[in-house]
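Protein chains in written order, with my numbering: chain A, 6 to 423; chain B, 6 to 423. Every residue, glycine too, gets a C-beta built ideally from N, C-alpha and C.
2 protein chains.
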Amino acid sequence: MDIKEYVMRKAREAKEGAKALAKLSSKEKNNILQRMAEALKKKRKTLIEENQKDIQCAEQKGLSKALIDRLTLNEKRIEEMAKGLMEVTALPDPVGEITKMWKRPNGMTVGKMRVPIGVIGIIYESRPNVTVDATGLCLKAGNAVILRGGSEAINSNKAIVDVLRNIVKEEALHEGAITFIDIPEREAVMEMLKLEGIVDLIIPRGGEGLIRTVTENARIPVLKHYKGVCHVFVDRDADLIMAEEICFNAKVQRPGTCNAMETMLVDESVAEGFLPTMLKKFEKAGVTLKGCPKTLFIYPNIVEVTEEDYYKEYLDLILNVRVVKDMDEAMAHIAQYGSSHSDAIVTKDYDKALRFLKEVDSSAVFVNASTRLNDGYQFGLGAEIGISTDKIHSRGPMGLEELTCTKFIVLGNGQLRE
Amino acid sequence: MDIKEYVMRKAREAKEGAKALAKLSSKEKNNILQRMAEALKKKRKTLIEENQKDIQCAEQKGLSKALIDRLTLNEKRIEEMAKGLMEVTALPDPVGEITKMWKRPNGMTVGKMRVPIGVIGIIYESRPNVTVDATGLCLKAGNAVILRGGSEAINSNKAIVDVLRNIVKEEALHEGAITFIDIPEREAVMEMLKLEGIVDLIIPRGGEGLIRTVTENARIPVLKHYKGVCHVFVDRDADLIMAEEICFNAKVQRPGTCNAMETMLVDESVAEGFLPTMLKKFEKAGVTLKGCPKTLFIYPNIVEVTEEDYYKEYLDLILNVRVVKDMDEAMAHIAQYGSSHSDAIVTKDYDKALRFLKEVDSSAVFVNASTRLNDGYQFGLGAEIGISTDKIHSRGPMGLEELTCTKFIVLGNGQLRE
């Protein structure tokens, strides 16, 4: 098979699909999503059977238990995917919204209207629910989607896409609305990344290797969902009880996520009062601690942290602890070692709170709240397709709005350029 | 010289410069811009002398008159550059603006705050005024700028950058605020394009070749300012006198710009009444006409247009004329041959106006106004750094706001993730 031609053909179909989708009303889109949700539930047996093939294959290959867990589909997870689609139907449709409108001295009215981006390529790994979540959000925002899942989930993804495309067919929508690249060759990804003028945006979701490959080879815009090396800074003017709760939540509530805290920074004037209770609490919860020399002085018997550790995204119950001179040193640490994802200060001081908000350059900056709250649902955006660590177009949780772009519209009555 | 190392060093300086710039108040930034404007005027003799070197070199190389004209600096043009900077000081500072803020059920307040993008690389050709315009806009939006001008303007650009950097020094701002890549090697551009994590955005301004090179090699986000193949569609329900004025303005007022009309589409039911007067007027203004068979039937003695012509950005007094069956055929033509830049309809029909606005997928869509109005000043954005033909981040004229990004800010009082 000529892979280049195959990918190109799929992408052209997607472009036609995007044109059809852009014309649908909210009601039509919601109806399609609702029917997809119902179909997924109805076909759950087939989906689980197909998923079993992937799982057997993964077991034969000796993939880790965690990976196999992420890969697994069961009744509950299929129910959740369907529920996710229904939640998207309930969100307001961003397409056609006029975000501003103003009058110019020459009498013309200029506005900005939200429109679909067009064709969005999603390149992702293992978790088959991404197939449904990404499709739901892209479709609701009027975009066609080209899906390229990982080879380890190929049977599950194919089965899911079959269900979704079947509804597309039944509703007489252009089939290019959902396209699935069903050949395993890596070259297919490379070809996708070159489709300037056909694919409008690529969203990679997966590990560092995948994201690097995509970034280095794409000729089309990419929105990355990269790692989170997140911090909480306990200021000398913090409510220490609140600080303890926030730090504990940020580390322990779900350590495997990108918005979990990896390094706790503590102002030296409160370190002695704060650290012993806090660190005991962490140890009791099974957290492995790594401390800077000053931390070790206050709380011995833990490992000394290395500079390299400060760059790490543990995604696990491991925490770096550093005592700093003041907020400036904390902010310098965050700028140096952080990944500009989610960073928090705990303080009662007004000026420091405002300075931290202004000067820390992260996708979400928190005063007196847990970094774990950096999330589309928590922020009230509805569902999210991920948390963008890029600055361009969308930064932080990406909801439906972020899957659209704007165009200028001009209502004139004969205006000319002088 | 190790070019890779040289570019990396410059970029790291720029990153430090960006940090310093992000902290400046609007007043401080405006003061710097104002002093730069004054310094440019004061140093105009040196600038013109240095510019003469470039012009002599260009003449020796036998560059075209048009190119030499674009390259030339004279008192008037220096005055205009200074005036441009002063205009930027008058624009509102987007940095720190909180664009929305809302309360969540758990009591935390979530908002979006505009912040600088960081380090912006501008890769441009010939016109030395870009050095000043781009720097002014980037600085006001709190961004450090890495400038890479064309080799044909190297002396002029160097002299201008000297003047600007001198003010940076005098005002004790970090020198990385303005960085100039002053080595001619093409490799330097290639290195710039790879600086992920240091350079945040690349804006190429120049011909198709430059933009293609940048897009194909960049690993960082790029905002293109690509070609404009723009249309005016004269509907059967148009006010034909208004249509004549708009079409004439769109083609003739300044044909060398990206928002000038390249193809005029006319509904067949008004073609016979509209075309003869209109086309005579165009010919009188020196426009070379190329017509479709139906146009030739009504107005013989002009060249027949080819399909290839419909894709062309003439940037000149040349116009394609096509008679279409109805608005649907006009919109299909625009989707097929256009570049999604600026497209207009002239009509008195309400439904068609709204459909055209909604369905034509261009950076600016006009009802009853000239495509030539697609411009930052005309739209009221103040100065513009160009007209983005990309969909991601910014589409259409890019002003100060588009040179910022947003981050989420959260004001809490102890909120945790449940």
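Taking the beta strand (DSSP E) that residue i falls in, what are its first and last residues?
i	result
residue 319 of chain A	Run containing residue 319 of chain A: none; DSSP gives neither H nor E here.
residue 127 of chain B	124-129
residue 215 of chain B	Taken as a continuous stretch (DSSP letters only), residue 215 of chain B belongs to no beta strand (DSSP E), being part of the alpha helix (DSSP H) at 213-222.
residue 23 of chain A	Where residue 23 of chain A is concerned, there is no enclosing beta strand (DSSP E), although the alpha helix (DSSP H) it sits in stretches over 8-27.
residue 348 of chain A	347-351
residue 86 of chain A	Premise fails: residue 86 of chain A lies in the alpha helix (DSSP H), 80-95, not in any beta strand (DSSP E).
residue 136 of chain B	Not the beta strand (DSSP E): residue 136 of chain B falls in the alpha helix (DSSP H), residues 134-145.
residue 416 of chain A	409-420
residue 373 of chain A	369-374
Kindly indicate the opening and closing residues of the alpha helix (DSSP H) around residue i.
i	result
residue 268 of chain A	Segment 266-272 is the beta strand (DSSP E) holding residue 268 of chain A; no alpha helix (DSSP H) there.
residue 156 of chain A	Counting along the chain, residue 156 of chain A falls outside any alpha helix (DSSP H), and DSSP gives it neither H nor E.
residue 359 of chain B	355-364
residue 379 of chain A	Premise fails: residue 379 of chain A is in no alpha helix (DSSP H) and is neither H nor E.
residue 298 of chain A	298-303
residue 252 of chain B	245-257
residue 235 of chain A	Unbroken run through residue 235 of chain A is the beta strand (DSSP E), 235-239; no alpha helix (DSSP H).
residue 118 of chain A	Per DSSP, residue 118 of chain A belongs to no alpha helix (DSSP H); it is in the beta strand (DSSP E), 114-121.
Exposed or buried, what is residue i when buried is set at 16 or more other beta-carbons lying within 10 Å of its beta-carbon?
i	result
residue 302 of chain A	exposed
residue 79 of chain A	exposed
residue 446 of chain B	In the structure as shown, chain B begins at 6 and stops at 423. Residue 446 of chain B is therefore absent and cannot be evaluated.
residue 246 of chain A	exposed
residue 69 of chain B	exposed
residue 191 of chain B	exposed
residue 304 of chain A	buried
residue 103 of chain B	exposed
residue 59 of chain A	buried
residue 308 of chain A	exposed
residue 402 of chain B	buried
residue 259 of chain A	exposed
Along chain B, which residues have their Cβ under 8 angstroms away from the Cβ of residue i?
i	result
residue 113 of chain A	374, 378
residue 287 of chain A	By Cβ distance, chain B contributes nothing, its closest Cβ being about 15 angstroms from residue 287 of chain A, past 8 angstroms.
residue 67 of chain A	Per Cβ cutoff of 8 angstroms: no residues; residue 67 of chain A is ~34 angstroms from chain B at best.
residue 258 of chain A	421, 422
Are residue i and residue j close, meaning C-beta to C-beta below 8 angstroms?
i	j	result
residue 150 of chain A	residue 89 of chain A	no
residue 236 of chain B	residue 348 of chain B	yes
residue 44 of chain B	residue 172 of chain B	yes
residue 365 of chain A	residue 336 of chain A	yes
residue 124 of chain B	residue 204 of chain B	yes
residue 122 of chain A	residue 410 of chain A	yes
residue 250 of chain B	residue 228 of chain A	no
residue 154 of chain B	residue 148 of chain B	no
residue 339 of chain B	residue 176 of chain B	no
residue 414 of chain B	residue 370 of chain A	yes
residue 5 of chain B	residue 292 of chain B	Examination of residue 5 of chain B is not possible in this model, given that chain B is present from 6 through 423 alone.
residue 2 of chain A	residue 239 of chain A	No statement about residue 2 of chain A is possible, as the shown extent of chain A runs from 6 to 423 and does not include it.
residue 280 of chain A	residue 271 of chain A	yes
residue 29 of chain A	residue 93 of chain A	no
residue 166 of chain A	residue 178 of chain A	no
residue 180 of chain A	residue 18 of chain A	yes
residue 91 of chain B	residue 39 of chain B	yes
Can you pull the chain B residues whose beta carbon is under 7 angstroms from the beta carbon of residue i, in chain order?
i	result
residue 371 of chain A	415, 417
Do we get a CB-CB distance below 8 angstroms when we pair residue i with the residues of chain C?
i	result
residue 338 of chain B	The displayed structure is made up of protein chains A and B, and chain C is not among them.
Just the chain A side, please: which residues come within less than 7 angstroms of residue i by C-beta, in chain order?
i	result
residue 120 of chain B	366
residue 363 of chain B	101
residue 398 of chain B	397, 398
residue 341 of chain B	The contacting residues do not exist; residue 341 of chain B stays about 11 angstroms from chain A at best.
Residues of chain B with CB closer than 9 angstroms to the CB of residue i, please, in chain order.
i	result
residue 109 of chain A	378, 383, 384, 385
Just the chain A side, please: which residues come within less than 9 angstroms of residue i by C-beta, in chain order?
i	result
residue 401 of chain B	117, 411, 412, 413
residue 123 of chain B	366, 396
For residue i, is the beta carbon positioned less than 7 angstroms from some heavy atom of the ligand ADP?
i	result
residue 60 of chain B	The ligand ADP is not part of this structure, which contains no ligands at all.
message: Under 8 angstroms, CB to CB, which of the residues in the segment 196-213 of chain A have a partner in chain B?
response: 201, 205, 206
For this session: Check distances from the C-beta atoms of the segment 216-228 of chain A to those of chain B and list, in chain order, the residues that come in under 7 angstroms.
Result: 220, 221, 224, 226
Which of the residues in the segment 22-38 of chain B, read from start to end, lie with their CB under 8 angstroms from any CB of chain A?
24, 27, 28
| said: Which residues of the segment 243-256 of chain A have a Cβ closer than 7 angstroms to any Cβ of chain B? Give them in chain order. | reply: 247, 250, 251, 254
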